[in-house]
Amino acid sequence: MTNDTLSPEPEAAEVPALRRRSFRLPEEIGVIVALLVMIVVIGVARPRFLNPINLLTILGNTTFEGMLSLGMVFLLAIREIDLSVGWMFNFSAVVAALMMVAGFNPWLAALAGVGFGAVLGLVNGVLAIGLGLPSIIVTLGTYSMFEGLSLVANQGRAVFPTDQSSSFFAFASMKIFRVVPVVGILFVALAIVLHIVLHRTRFGYRVQAVGSNPEAARFAGIPIALVRVQTLVLMGAICGLSGATYVGFRGAIDPQEGADFALIVIAAVIIGGTPLSGGWGTVIGAVVGMLIIQVISSGIIFFGIDATWSTFVTGAVIVLAVALDQIVKRQRERSVSS
Amino acid sequence: MVDSPLVAVRGLRKRYGGVVAVDGMNLTVHRGDVHAVVGENGAGKSTLMKVLAGVVRPDAGEIEFNGVPVVISSPAVARQHGVGIVYQELSLFPQRSVLANLFVNREPLRRGLVSIRAMEERSSDLLNRLGLRFDVHLPVSRLSIGERQLVELARVLLEEPRLLILDEPNSALNERETQRLFDVLRQLNRRGITMLYVSHRLEEVFAICNRITVTRNGRDVSTKDRARLTISEVIEGMIGAPQTALFPPPLPGQSSREPAAVIVKGLSGGALTDVAFTAQSGEVVGFAGLEGSGVATLFGILFGTQKARAGDVTFPDSRGLPRSPTEAARRGIALVPSDRRRNGLMLEKSVLFNMSHVAIGALKDGLPWFDHGTALKRALRQIDRLRIKTRSAGALASELSGGNQQKIVVGKWLEVAPSVILLDDPTRGVDVGAKREIYALIRRVSAGGRIVLFSSTELPELIGLCDRIIVLYHGRIAGEIKGGEIDGPALLHAVNTGEIPQAA
């Protein structure tokens, strides 16, 4: 409309700003450096740690909780939290495994597990929106509900599909070139997809907008209830995917598996740099955060320290990560205002 | 010591990010005065008061109390120096009792426990003097806004301040409540309390103050006795230019589209009862009314954030009321909310992000991608068209000044070419220059064939900008006035009483 009368200055002023954007270091650089430093320090002291097989095993071990942390990024970004993830994982895995026991095609059963996880997420979403409650309260309740129902379904015993001849089991536990676990690749691929979803899609935009200022989002016409439900359903579906893959990887699902996932998952997301205050999130950061936790617990074993210390160290790292984040933020504010 | 003023401020400076709020402000307050500080929104008067109250640390400048230089590093220090402040926005805890609010953080103790009886004893005398005769155990939320303001005043007076700062204390009060507040203030002044009174309602300033400091763009322009000033002199000082230049003339319609209209019949809901009017494309329809008169409710209902009880509304797409803001946005109904920091912006997000609120966040047409390049183009287009002052499209919304922030809120809606635009007090907290630009923008939008409904708490704005003004009083339409056929005092009277003067 006004393009023809446009004076050249504003254009000229904006172009360098645009360029500066693309040269900016990614937000995740801090945690990535921290992870590399940890690996190097442990590797110098215990060179065996740097064995690619060991490092890839670490990646494989992080897969199942790691996938959940990817979904949790979306929840923190929208200023919500889901405490029931561990039992959504477990319940979906149990349902998938029971279907395999009942003779369904394992691929089909796994797919059903993903769908079942999404349904559990929908339960969380409908309860949170319908009752007008924050998801932390709702999922505190469904945490026990899903645990209880899962225990009813598996009758307190591990579910073990006896016929593991299907290609599903072979695929899930396969290691490419004998070292790279397929589940690790799945984890990384999912992370890349969800990174794009968060930063480059309408849904991701809405998640960040609602988390940044729910009131302003409502007044801009953003369908905030729908976005909340969608986020919780996504979380459930990811739990289902993780659970179904787990059955293929381990060949069984234990009744207590997943009980302690929620806190580790949230810790990984926070270490990765996603703020609890919402409005933004980093999927890549969550992957790195998960790896940091895993490197700590396996590094401790390499040093011959009792493995029970790893829980304490993980907690200390969370406090450290949050403290560093605060310091960096304050520095940035100071440099902006001066 | 006797000669030195109670408070002297020299060369005060304060910046928020890139925005200079106060830039070389001076102020001298003598004992026993009721001293007004007036200025447009954004002139720096509230920042000055916050510095005196220890809420904001200045970047530079000197402050003296009784001739002694002081550093007011915290609200506690300000209190030690005898400064008490009553804020513009109420800072009470609505769920707690009046007593609990009066003694926040300094509850009297007896044997280590909070003593309700001691609170009652210490406050009853003061509350009587203020003419407050309600049950002090009631939660504050049960009081009227006017009573709450007096509770707030009482809370500050219990500290027995030597300097009482009132920052637009009556912005939410009706005429009767304002009179009561002023009676109390005069009484306090007779008892020797010095007052600093911040307002932009000049009639009131002239009614109660004996000395006036005019501020503009973060500086003091002049300080004089009230007796030596007239209202128009003060206005000139505040604006720095003759007032008429503020409002651009109506532009000729440029629209080739079919004329459209919003038709409202018998609309009731919330505070509203039986409201009916028609707004045509190409005209700016103003809505005037006190807080609670129903203007905010009307806009809320038209935008889908509030529900109507009854009534019949037809929008240009010949459909009825939107059921949600999302539906409103998709049907081309825009609302620029009055509280832009809370309802209009994501302050921690970039200008670019904010500019895509509606186009990406609310609409659903097109691809499901959030494309950075498109979003950048969108942001640059509005930055250019609305002359938004920002260092880049990537700058955070919080870094911008109030006027430029408001332009983001307007711009994000212009991106989706709405047919109806509701502007709820769009110039609140915006400096004069940006105001003029926003007025021109409203004219342009209106000439482009959109239907503009405009409400404001500043009556001159309604008179200067609107083709018609609809006055709401207690939720009903009191009457309609053609723009230009009414002056400020008459409109003020109409808004306060619901009586419309007959066209002369």
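These protein sequences, in sequence, are chains A and B.
Numbering-wise (the working numbering), the first sequence opens with residue 2 and increments by one.
Numbering-wise (the working numbering), the second sequence opens with residue 1327 and increments by one.
All residues carry an ideal CB built from backbone N, CA and C; glycine is no exception.
(request) Throw me the rounded Cβ distance for the glycine 114 of chain A and alanine 129 of chain A pair, which I believe falls under 8 Å. (result) Contact doesn't hold; Cβ gap of about 23 Å is too wide.
(request) State the CB to CB distance for the pair alanine 1688 of chain B and arginine 1668 of chain B, rounded to an integer number of angstroms; the pair is presumed to be in contact (CB under 8 Å). (result) Rounded, the Cβ-Cβ distance is 18 Å, inconsistent with contact.
(message) Which same chain residues end up closer than 8 Å to leucine 123 of chain A when comparing Cβ atoms and leaving out the 5 residues on each side of it in sequence?
(response) Val230, Leu233, Val234, Gly237
(request) Let me know if serine 1682 of chain B comes out buried or exposed under the rule of 16 or more other beta-carbons within 10 Å of its beta-carbon. (result) Serine 1682 of chain B counts as buried, since at least 16 other C-beta atoms from the protein chains shown sit within 10 angstroms of its C-beta.
(request) From the DSSP output, in three-state form, read off tyrosine 1413 of chain B for me. (result) coil
(message) Residues of chain B with CB closer than 9 Å to the CB of tyrosine 247 of chain A, please, in chain order.
(response) Chain B residues near tyrosine 247 of chain A: none, gap ~30 Å exceeds 9 Å.
(message) For glutamine 156 of chain A and glutamate 66 of chain A, what's the separation of their Cα atoms in angstroms?
(response) 24 Å
(request) Could you tell me whether any Cβ in chain B is nearer than 8 Å to the Cβ of phenylalanine 105 of chain A? (result) no
(request) Take isoleucine 79 of chain A as the anchor and find which of A/Ala308, A/His200, A/Val211, A/Val184 has the nearest alpha-carbon. (result) Out of A/Ala308, A/His200, A/Val211, A/Val184, the CA that lies nearest to the CA of isoleucine 79 of chain A is found in A/Val211.
(message) If you reduce the DSSP assignment to three classes, tell me which class aspartate 261 of chain A lands in.
(response) coil
(request) Assign glycine 1393 of chain B to one of two classes, buried (16 or more other C-beta atoms within 10 Å of its C-beta) or exposed (fewer than that). (result) Glycine 1393 of chain B comes out exposed.
(message) At a CB distance below 7 Å, what residues from the region 270 to 283 of chain A approach chain C? Give them in sequence order.
(response) This model lacks chain C altogether, as its protein chains are A and B.
(message) Taking 8 Å as the threshold (beta carbon to beta carbon), is phenylalanine 188 of chain A in contact with chain B?
(response) no
(message) Our contact map puts aspartate 1600 of chain B next to glycine 1592 of chain B with C-beta atoms below 8 Å; I'd like the distance itself, whole angstroms only.
(response) Yes, they are in contact, since the Cβ atoms of aspartate 1600 of chain B and glycine 1592 of chain B sit about 5 Å apart, within 8 Å.
(request) Would you check if the distance between the CB atom of lysine 1633 of chain B and the CB atom of glycine 1595 of chain B is smaller than 8 Å? (result) The Cβ atoms of lysine 1633 of chain B and glycine 1595 of chain B lie closer than 8 Å to each other.
(message) Does methionine 1351 of chain B come out as helix, strand or coil in the three-state DSSP assignment?
(response) Assigned with DSSP and collapsed to three states, methionine 1351 of chain B falls in strand.
(message) By the DSSP assignment, the beta strand (DSSP E) with glycine 244 of chain A in it spans what residues?
(response) No beta strand (DSSP E) contains glycine 244 of chain A, which is instead part of the alpha helix (DSSP H) from 225 to 251.
(request) Could you tell me the boundaries of the alpha helix (DSSP H) in which glutamine 1505 of chain B lies? (result) 1501 to 1516
(request) Residues of the region 1669 to 1680 of chain B with a CB closer than 8 Å to any CB of chain A: list them in chain order, please. (result) Asn1669, Gly1670, Leu1671, Met1672, Leu1673, Glu1674, Lys1675, Phe1679
(message) For valine 1639 of chain B and glycine 1801 of chain B, I'd like the C-alpha separation in whole angstroms.
(response) 17 Å
(request) Would you grab the beta carbon distance between glycine 185 of chain A and glycine 31 of chain A for me? Rounded to a whole angstrom, and I think it's under 8 Å. (result) About 24 Å; that fails the 8 Å criterion.
(request) May I have the straight-line CA-CA distance separating phenylalanine 1532 of chain B from arginine 1512 of chain B, to the nearest angstrom? (result) 13 Å
(message) Just checking: is the beta-carbon of aspartate 326 of chain A within a distance shorter than 8 Å of some beta-carbon in chain B?
(response) no
(request) Output the distance between the C-alpha atoms of threonine 1844 of chain B and valine 1590 of chain B, rounded to the nearest integer angstrom. (result) Beyond the ends of chain B as shown, which are 1327 and 1830, falls residue 1844 of chain B; an answer cannot be given.
(message) Tell me whether the region 1520 to 1527 of chain B and the region 1356 to 1363 of chain B touch, counting them as touching only if at least three CB pairs, one residue from each stretch, are closer than 8 Å.
(response) yes
(request) Give, in chain order, every unbroken run of the alpha helix (DSSP H) that is at least 4 residues long and sits entirely within the region 1365 to 1399 of chain B. (result) 1371 to 1378
(message) Please identify the residue among B/Arg1542, B/Asn1543, B/Asn1515, B/Pro1495 whose C-alpha is closest to the C-alpha of glutamate 1530 of chain B.
(response) B/Pro1495
(message) Give me, in chain order, the residues of the same chain whose beta-carbon lies closer than 8 Å to that of valine 1440 of chain B; leave out the 5 immediate sequence neighbours on both sides.
(response) Same-chain partners within the cutoff: Glu1433, Pro1434.
(request) Go to isoleucine 1659 of chain B, then tell me how far its beta strand (DSSP E) extends in each direction, as first and last residue. (result) Here the beta strand (DSSP E) through isoleucine 1659 of chain B covers 1659 to 1662.
(message) By the DSSP assignment, the beta strand (DSSP E) with isoleucine 1803 of chain B in it spans what residues?
(response) 1802 to 1808 is the span of the beta strand (DSSP E), which, as asked, contains isoleucine 1803 of chain B.
(request) Note the first and the last residue of the continuous beta strand (DSSP E) segment covering phenylalanine 90 of chain A. (result) Boundaries for phenylalanine 90 of chain A: no beta strand (DSSP E) harbours it, while the alpha helix (DSSP H) harbouring it runs 86 to 102, taken from the DSSP string.
(request) Give the DSSP bridge partners of arginine 1339 of chain B, in chain order. (result) B/Asp1349, B/Ala1386
(message) Can you look up lysine 1703 of chain B in the DSSP assignment and give me helix, strand or coil?
(response) Lysine 1703 of chain B: helix per DSSP, three-state reduction.
(message) I'd like to check one pair, glycine 279 of chain A with leucine 71 of chain A: are the Cβ atoms closer than 8 Å?
(response) no
(message) With a threshold of 8 Å between beta carbons, is phenylalanine 220 of chain A in contact with chain B?
(response) Answer yes: the Cβ-Cβ gap between phenylalanine 220 of chain A and chain B drops below 8 Å somewhere.
(message) I'd like the span of the beta strand (DSSP E) that includes methionine 39 of chain A, first residue to last.
(response) Looking at the DSSP string, methionine 39 of chain A is not in any beta strand (DSSP E); the run it does join, the alpha helix (DSSP H), is 30 to 46.
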